[in-house]
Structure formats: structure tokens, C-alpha cells
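Only one structure is covered here, and it is reproduced in the block below.
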Amino acid sequence: MSPSPRLRFAPSPTGYLHVGSARALLFNWLVARRDGGEMLLRIEDTDVERNRPELIDNIFEMIEWLGLGWDGKPVHQSDRFDLYTAAAEKLLAEGRAYWCDCTPEQVQARARERGGPPGYDGFCRDRDLERGPSTALRFRTPDEGSTGFDDLVRGQVTFENAKLEDFVLLRSNGTPTFLLANIVDDADMGITHVVRGEEHVNGTPKYILIAEALGLGYRPAFAHLPVLVNEQRKKLSKRRDSVSVAGFRDEGYLPEAMVNYLATLGWGPPDGVEIRPLAEIVELFRLSEVTQSPAFFDVRKLQHFNAEYIRALDGEAFVDRARPFFVHGDGTEEVLRPIASLVQERVRLLTEVEPMVDFLRLESIDGAVDEASWEKGVVKLGERAVAMLDAAVVELASCNWNADAIEAALEAAARSAGFVKPDGTVDMRRAQAPVRVAVTGRSVGPPLYESLAVLGRERTLDRLRAARGKL
RNA sequence: GCCCCCAUCGUCCAGUGGCCUAGGACGCCGCCCUUUCAAGGCGGUAACACGGGUUCGAAUCCCGUUGGGGGUGCCA
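Given below as C-alpha cells:
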């Protein structure tokens, strides 16, 4: 039996955690959970210039929000520079690396001059430079042979060493680069599976070459996940696309829905059932079944998942989950409770809950009447709307105040206002419109009778009269 | 430019040589239900990029073309 797998999620704190990273996190987590292994967390903060420490909290917070934990203590690369420096010195001592004093500008200029491919040309390879104030340490890539690996999702991938440029191991400010720190840590942490985004495929031969040069005898299994793309089929970018996990949380998405949706990007369960408990996904998931082509992050499908998850909540949980999104205080919860189940099956996002019951919370609906709804639901009906409004005021003034009684009263009103179908039955479909718009300000919303029951007789009658007065 | 990868409905997944007149999901359209809107039910729209092979047989294997993506940083 093979040793239990150790995976790692290794984000860098240069931006808020985004859905692409979250997907990589999820897949790592799934492999670890499924095979009884561990998933460690490593903060890749080697770039002191771009590093934003305050974002590390966001990463922790979002992983927690998603409900995906990690094992052990998070490893911060900024605490481990000695390790990387020692590795770099070993490579230098063995002639596998050398100092280079070319500035990025010089490298670029020479590339332009040659008219050849961009990238470093090995200018300092044999200059035997000593370490100086502005020297970077570069890895001496082999001139011959090839480096390849067997990717768990893409199969055999091979690169010719001659095509690999001599890349930087230590910056001139002495800090290690991702390439160096990444491999040193994976070896040190005993990582068995490197599961990451496709953007890392090209860096993998460099990773392997460093490991070999270090004589580590270490070689993890690799799995490169297809990238997540936007509608233009470009890799999701934090700048172009609003894809931060925190953003989705704030818009009212449930973490369970987000995680479930993310699992369907680049993978699908054999039985085709997409919406299902995480525990089942853990059982079903196979890295070898991950798709090889980019996946479009479809917010509309995410919304569908979210709506399904919201509807599946039990009543109390629904109110609990919606509460953080009430910006108008306790009043919202008070008016929501009586019709919570009716609202629950009508929202896709938790942020839609409060607006849906706004008309119940407000003292007056004046100024909150939707123009198009008024036109379509009231004005267009002309005299019939007037008749309905008048009849509704009469009937509702004296009936009992509960949903059933209100329904009966409104039916009676509709009948007296002439809303009767050819077969003699009441045409509530049309008759309810003027009442709904007059009372709720909109032509769509929760069921009317229940809403009026919550609103109360006084406010209902006030609003009906007010609407009547405007005609 | 060079390197690497990818290619089934608009989108996400099924499909691993015959079960495919290609299946499911989201979206969209229609009908039903119905006090609006949702939800639910029923039905529909829509794809194997192209060209060559291999094979009795190809969405599935091979080659090429085209298209797309990723990388090409003293970012990760």
C-alpha cells in the first residue's frame, strides 16, 4: 500500500483569494480527504515587494468560509528563507548556478537585438562573477537532453532542456524566487502530490531540474488542472473579472453551493448528478478523471446551484443564513418570518431576501412604486383598475384578517369589479395586479394574500386608497 | 517568435471502437399548474472544428490543418 498522500494548497498573498485558487484548493482537499491523506497550507510570500500580509487573513478566512480546512500549521515561506538560501548556496558550490549582474532591461535589449526569442541568453554563464550588490543567482539549465513528467491529468509532458533559459533562483535583493522556494518546501514538507493550475506546467521542468541538482531524490506526482476562463475564454483575472471568493460571499452565495459548483468545473461525477453533498463528491472524485480543457466559470449556473441550496435549507436555517444580509435591522426579520418559506423558494441569492420583503417593512409605499409595474399592472387596466381598487377597499375593510379571509374578500372584490371569466369563475390572474402594485409597489413578489396578512389592514387600505387617488 | 497543452450542444460535464438516430445539467423557447413571480411537471432548441488515414466499424486510435488557451518576469 502506498504511503498516505500529502498535498498542499500554496497561495500567494498578492490578491484576495479568487475562485480559481479556490478550485485548486478544493481539488487538493478532495484528493487528501478521499485517500486518507493530509492537505497542508503554505503561504508563498517570497516576494517582499508585492506581498501584502493583510491578505493572508483573507485567505484563511475564505478557506474557513468554504468549509475546507487544512492540516497542521500554515507554513509561511517568509519564515524559511534560510532553507532556500542554503539550497541556493549548494547549487552555487556545485556549479549548478552562477551570479549574474544583467538588469532585466539589458536582458530584454539583447533579446531584441538578436531578434530572437525573449528571455535570458546566458550572458553571465561563464563570467565567474562574485556575489555583488546587484547580482542575481541563476540556475544553469542543461544544454542537452530533456525533462519530462507524467502528469496525472494530462499524461506525459516533455520539454527539451535546451529550450529552458537560465532562470533566477535568488533575486539581487537576496530573496528566493517561487521556483526555488517551491521545490525546497515541497521536498521538506514531504508533499506527494502537486496539484495546481495549468499555468504551472511550463515551470515544472525547472522544478524537476532543481530537485535533481539538489540531489534530493525527491519527485512528487504532478496534476495540472485546467484553468478557469471568462466569457472571452481568457484565464480568470483578478483585475478583469470580479471573482474574489469574498465577493461571492458578500453577494449572498452559500459556501456549500460554491464548493459544489467548483467541483463540477473540470470534473463530473460518473452518474451525472451534479448537486450533491460534499461527502459524496469526496467518494466519487478521481484526479485521473479531471478534464484537460479550460472551463468557463458560469455565474448563472452557480446561481442555480445557490438557489437549490437555499431551498434545501430548513426554515430556521434559512432565516439564520439570511440575517447577516439585512441592512435595515431587526424590522426585516420580523416581517420575513411569517412568510419566510414563501420567500425562500423565490430567491437565488441571500441578498435578495430583504428587498423582497421591503414593502412589508416600510410604513408607506410612496416613492417605492416601480414605474413599469404601475404602468402595466394598474394604468393599462384603466377603469377596471379603479373598480378593483375601490372594491378591494370595501371588502378588505370588514373581512377577517388572515390569508384565507383576504383571499375570499379579494375574490368578492374581483367579482364585483367585473373580473369574471367566460365560464363564470373569478379572474384573479388579472384582478390581483392592481392590488399587488398598489400595495407592494411591484408586479412580482411573494404571494399576495399572505403578504397582506402580514402587512396589516390599516397599511393595506392606506396604500389601496393612495393608489386609487392617483388615478 | 519560441515552448507546452487543449478541441462533443451557447456553457459545464457523460461518452475510452460497435450499446450514439450522441446522454445529463445550466441557459433559452413552448405547454401545464397557478393570485404575480418562483418552484414543480411535460416537451423542445442545440454539438462530435476540418481533412486525411487505421479498422468490418470511429465522437472515441494515428497524422496534418485550423481554432483556442497557458507559458515565455530578479510575479506566483
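Numbering (my numbering) for the first sequence: 1 to 471.
Note that beta-carbon positions come from the ideal geometry of N, C-alpha and C, so glycine has one too.
The structure presented is a predicted model; accordingly, all values stated were derived computationally and were not measured.
- By the C-beta criterion, the segment 129 to 143 is judged not to be in contact with the segment 188 to 202, since fewer than 3 inter-stretch pairs fall below 8 Å.
- Under the three-state reduction of DSSP output, I310 falls in the helix class.
- When the five nearest sequence neighbours on each side are left out, the beta carbons in the same chain lying within less than 8 Å of the beta carbon of L262 are those of V19, A22, R23, L26, in order along the chain.
- Judged by DSSP in its simplified three-state form, R6 adopts strand.
- Per DSSP, G155 lies in no alpha helix (DSSP H); the unbroken beta strand (DSSP E) holding it starts and ends at 155 to 160.
- Shown here, D151 sits in a strand according to DSSP, grouped into three states.
- Under the criterion of beta carbons closer than 8 Å, T147 and I208 qualify as touching, at roughly 5 Å.
- Looking at the backbone, the Cα of E113 and that of N28 are separated by about 44 Å.
- The C-beta of K470 has fewer than 16 other C-beta atoms within 10 Å across all chains shown, which makes the residue exposed.
- Cβ atoms of L396 and R457 come within 8 Å of each other, at about 7 Å.
- Looking only at N58, A10, L30, R6, the smallest Cα-Cα distance to Y16 is reached by N58.
- By DSSP's assignment, R196 forms a beta bridge with H224.
- Closest by C-alpha distance to L68, out of L342, T291, M39, is M39.
- By alpha-carbon distance to I43, the top candidate from V168, L55, R384, R34 is L55.
- As summarised for the segment 201 to 260, the continuous beta strand (DSSP E) elements at least 3 residues long and confined to that stretch are 221 to 225, given in chain order.
- Between the segment 375 to 384 and the segment 325 to 341, the count of C-beta pairs closer than 8 Å stays below three; the two stretches do not touch.
- Inside the segment 28 to 113, DSSP marks whole beta strand (DSSP E) runs of 3 or more residues at positions 38 to 43, 71 to 76, 97 to 100, from first to last along the chain.
- Beta-bridge annotation (DSSP): S364 is not paired with any residue.
- In this structure, F167 lies away from R125, with their beta-carbon atoms at least 8 Å apart.
- Measuring C-alpha to C-alpha distances from F159 to each of K206, P176, E49 identifies K206 as the nearest.
- Check the Cα spacing between W65 and each of R321, H328, V444: the tightest is with R321.
- The beta carbon of T85 is closer than 8 Å to those of L170, G174, P176 in its chain, skipping five residues each way along the sequence.
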